[in-house]
Structures are given as C-alpha cells and as structure tokens.
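Novice:
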Amino acid sequence: MTRHFHPDPAWVAVEDWLSQTLFSPEEEETGSIFDRNKAGGLPPIDVVPTAGKFLFLLAKIAGARRVLEVGTLGGYSSTWLARALPSGGTVVTLEIDPHHAEVARENHVLAGVGDLVEVVVGPAIDSLLAFKAEGVEPFDLVFIDADKRNNANYVRLAVDLARPGTVIVVDNAVRGGAIIDPNALDLEHGDNDARGTREVLELLGSHPRLDATALQLVSSKGWDGIAVAVVR
Ligand code: SAH
Ligand code: DHB
Ligand code: MG
23 MTRHFHPDPA WVAVEDWLSQ TLFSPEEEET GSIFDRNKAG GLPPIDVVPT
73 AGKFLFLLAK IAGARRVLEV GTLGGYSSTW LARALPSGGT VVTLEIDPHH
123 AEVARENHVL AGVGDLVEVV VGPAIDSLLA FKAEGVEPFD LVFIDADKRN
173 NANYVRLAVD LARPGTVIVV DNAVRGGAII DPNALDLEHG DNDARGTREV
223 LELLGSHPRL DATALQLVSS KGWDGIAVAV VR
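Here's what the structure looks like:
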C-alpha cells in the first residue's frame, strides 16, 4: 500500500485558509510556539492548528476541568487545552524528554497559561501508575500523543484514571494507512508504532467501557487521523 505522509499541496492550502478564517488574532499568537520549538530543535510533530482548536472545542464541549495529556513536546496542544479550561481547571501533561519539557514550560508562560499547565517529566507509564497509586481525582479529558507503541497501555491507564463521561482522544490514528498495511504490521519487518496504533484501535473498538470512533484527516502533516472515545 502507498503511504501518504507527504501532503497534497491542496490540503495545505485548504488548511491555511481554514486557519486564517476561523482563528481570532489572539489564537494565532499560539503559532509563535512553532518558532520557539524550531529554535529549540524540537521535531515539527505538533498537532496542526485546526486540530489544536478541535481539542480546545472538545474540552469546552466536555466541560473539562481536569485535562491529562500524554506527550507534551513544545506545549502546543497543551496550550490549546489550557485555553479551554474553566476557572480552577488544570492541564497535567507528561513528557519523557527534559529539553522538550523545558521548551514547553517557556511556551506555556509566554502564552499566558503557565499557571494552568503542569509538565511532569519522566516516562508516561510511570507517571500514570503513580497517579493511580495516589488515587488522584479523575480526569475529564485525556489526550494521548506520545510513543505509539504504548498507545494501548495509555488508554487502559486513562480508563483507570477516568469517570463515566471522560473523553479520550488518541492522535495519529491512521498513520498514512499503516494501520491496515500488512508490511507495516509485520512482526519481523514492520514497525512497533504501526502495531501500537492498530492495537489501540482494536482496544477502543472492543473495550466494554468505551464508545469510540476514528476519523481520517488530511493536513500539512499528510494522511493521518484521530480517534475519540467516551467512557461509559
Ligand atoms: N502533543 C504535542 C506533540 C507530542 S509529540 C503537540 O501536539 O503539541 C510526542 C512527544 O511524546 C515527544 O515530545 C516525545 O518526547 C514524547 N514521548 C515519547 N515517548 C514518551 C514516553 N514514554 N513518555 C512520555 N513522553 C514521551
Ligand atoms: C510523529 C508523532 C506524532 O505525534 C505526530 O503527530 C506526527 C508524527 C512521529 O513520531 O513521527
Ligand atoms: Mg501526534
């Protein structure tokens, strides 16, 4: 199967037009995060602006007061999520790379959400298990966007840290079609990330406590998608 990580120029033009048309000048300031990420040498794998605003909208629709993110990078998606919080709300975001976490902290402060977002440095599984052991208050929305091979583990732990009605979102749900590509899924020659994403979709579709779907998306990042679930 052909992989489509390279975007069609028309997808990029539509994305640019939608972003310019649907975003307020204040929201566009979030774009400067990309400049600081680039200066810091971070990979350009943030969610695209229209997807960032989609996360903001989901958080608003869910009335999310406690948001959990797995995979901070430079804090682009967590800034969108923080902007959707009611007063007293918080975003907790998990990041394994201390340099990414440092750039994210700077971006959160410059974006005016420094007091709303806590970056926890370390392997996300460890942080999630610690939250579970501490018995933290349930999260209202969980956004999973880190190492794809652990996607299913993250969803299982997200359910443990959830309440009925909690929204779970998984990024990169389609990966250029890799999720149904026998070569990408091959145990010997394939890749763990494709298998991890396939596995999480199968889990979302069969989990007794989740209703879920996945949507294919095209953007400047190519052909990918997003999965959304709600805890019963
Ligand atoms: N959500 C971000 C993009 C995240 S990119 C945004 O849209 O702005 C994925 C991030 O997950 C990277 O910063 C990477 O360092 C981090 N990551 C990878 N493996 C991880 C792990 N085991 N635990 C925590 N973070 C991890
Ligand atoms: C990659 C990771 C992401 O989270 C993403 O949205 C795009 C690409 C990557 O690891 O290549
Ligand atoms: Mg992603």
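So for the sequence shown, my numbering puts the first residue at 23; every next one is plus one.
All residues carry an ideal CB built from backbone N, CA and C; glycine is no exception.
(1) If distances are taken between C-alpha atoms only, which option among 132, 168, 131 and 163 comes closest to residue 143?
(2) Around the ligand MG, what residues have a beta-carbon under 5 Å from a heavy atom of it, in chain order?
(3) In whole angstroms, what separates the C-alpha of residue 52 from that of residue 71?
(4) Excluding the 5 residues preceding and the 5 following residue 195 in the sequence, name in chain order all residues of the same chain whose CB lies nearer than 6 Å to its CB.
(5) Can you check which of these residues, 32, 222, 172 and 231, is closest to residue 188 by C-alpha distance?
(6) Give me the Cα-Cα distance between residue 201 and residue 225, rounded to the nearest whole angstrom.
(7) To the nearest angstrom, report how far apart residue 131 and residue 99 are at their CA atoms.
(8) Looking only at its own chain, which residues have a Cβ that is under 6 Å from the Cβ of residue 24, when we skip the five neighbours before and after it?
(9) Specify, as a first and last residue, the run of the beta strand (DSSP E) that residue 210 falls within.
(10) Does at least one heavy atom of the ligand DHB sit under 7 Å from the Cβ of residue 243?
(11) If residue 141 sits next to residue 123, beta carbons under 8 Å apart, how far is it from one beta carbon to the other, in whole angstroms?
(12) So within the region 132-194, which uninterrupted alpha helix (DSSP H) runs reach at least 4 residues, ignoring any that extend past its ends?
(13) Below 8 Å on the Cβ atoms is my guess for residue 177 versus residue 166; work out the distance and round it to an integer in Å.
(14) Is residue 118 a contact residue of the ligand DHB, with contact defined as CB to any heavy atom under 7 Å?
(15) Buried or exposed: where does residue 32 fall if 16 or more other Cβ atoms within 10 Å of its Cβ makes it buried?
(16) Would the C-beta of residue 67 count as close to the ligand SAH, meaning under 7 Å from any of its heavy atoms?
(17) Should the region 54-68 be regarded as contacting the region 113-129, the criterion being three or more beta carbon pairs within less than 8 Å?
(18) Quick check: the Cα distance between residue 208 and residue 172, rounded to an integer number of angstroms?
(19) Given this structure, state the Cα-to-Cα distance separating residue 251 from residue 73, to the nearest angstrom.
Specialist: So, from the data block:
(1) As a first step, residue 143 is located in the sequence shown; it is residue number 121 there, counting from the start. That would be 168, whose Cα lies nearest to the Cα of residue 143.
(2) Ordered along the chain, residues surrounding the ligand MG are 167, 193 and 194 [Cβ under 5 Å from any heavy atom].
(3) Residue numbering aside, residue 52 sits at position 30 when the sequence shown is read from its first letter. Residue numbering aside, residue 71 sits at position 49 when the sequence shown is read from its first letter. Cα to Cα, the separation comes out at about 9 Å.
(4) Translated into positions along the sequence shown, residue 195 becomes position 173. The beta carbon of residue 195 sits closer than 6 Å to the beta carbons of 236, 247, 248 and 249 from its chain, once the five residues preceding and following it are set aside; these are given in chain order.
(5) Here the question's residue 188 lines up with position 166 in the sequence shown. The residue from 32, 222, 172 and 231 with its alpha-carbon nearest to that of residue 188 is 231.
(6) Counting from 1 along the sequence shown, the entry for residue 201 is found at position 179. Counting from 1 along the sequence shown, the entry for residue 225 is found at position 203. When rounded, the distance between both Cα atoms is 13 Å.
(7) As a first step, residue 131 must be located in the sequence shown, where it is residue number 109. As a first step, residue 99 must be located in the sequence shown, where it is residue number 77. CA-to-CA, the gap between residue 131 and residue 99 works out to about 14 Å.
(8) Here residue 24 is taken as the residue at index 2 of the sequence shown, counted from 1. Per-residue confidence for residue 24 stands at a pLDDT of 48, beneath the threshold of 50, marking its modelled position as unreliable; no derived number is given.
(9) Residue numbering aside, residue 210 sits at position 188 when the sequence shown is read from its first letter. Element bounds for residue 210: n/a, residue is neither H nor E.
(10) On the sequence shown, position 221 is the one that residue 243 refers to. True, at least one ligand heavy atom lies under 7 Å from that Cβ.
(11) As a first step, residue 141 must be located in the sequence shown, where it is residue number 119. As a first step, residue 123 must be located in the sequence shown, where it is residue number 101. Confirmed, Cβ separation roughly 5 Å.
(12) For the region 132-194, whole alpha helix (DSSP H) runs of length 4 or above, ordered along the chain, are 146-156 and 173-182.
(13) Along the sequence shown, one-based indexing puts residue 177 at 155. Along the sequence shown, one-based indexing puts residue 166 at 144. That belief holds up - the Cβ atoms of residue 177 and residue 166 are roughly 7 Å apart, short of 8 Å.
(14) If you number the sequence shown from 1, residue 118 lands on position 96. Result no, Cβ not under 7 Å from the ligand DHB.
(15) Against the sequence shown, residue 32 aligns to sequence position 10. For residue 32, the number of other beta carbons within 10 angstroms of its own is below 16, and it is reported as exposed.
(16) Position 45 of the sequence shown holds residue 67. At a cut-off of 7 Å, the beta-carbon of residue 67 counts as near the ligand SAH: some heavy atom of the ligand is closer than that.
(17) Touching, yes.
(18) Counting from 1 along the sequence shown, the entry for residue 208 is found at position 186. Counting from 1 along the sequence shown, the entry for residue 172 is found at position 150. Roughly 17 Å separates the two Cα atoms.
(19) Here residue 251 is taken as the residue at index 229 of the sequence shown, counted from 1. Here residue 73 is taken as the residue at index 51 of the sequence shown, counted from 1. So the alpha carbons of these two residues sit roughly 16 Å apart.
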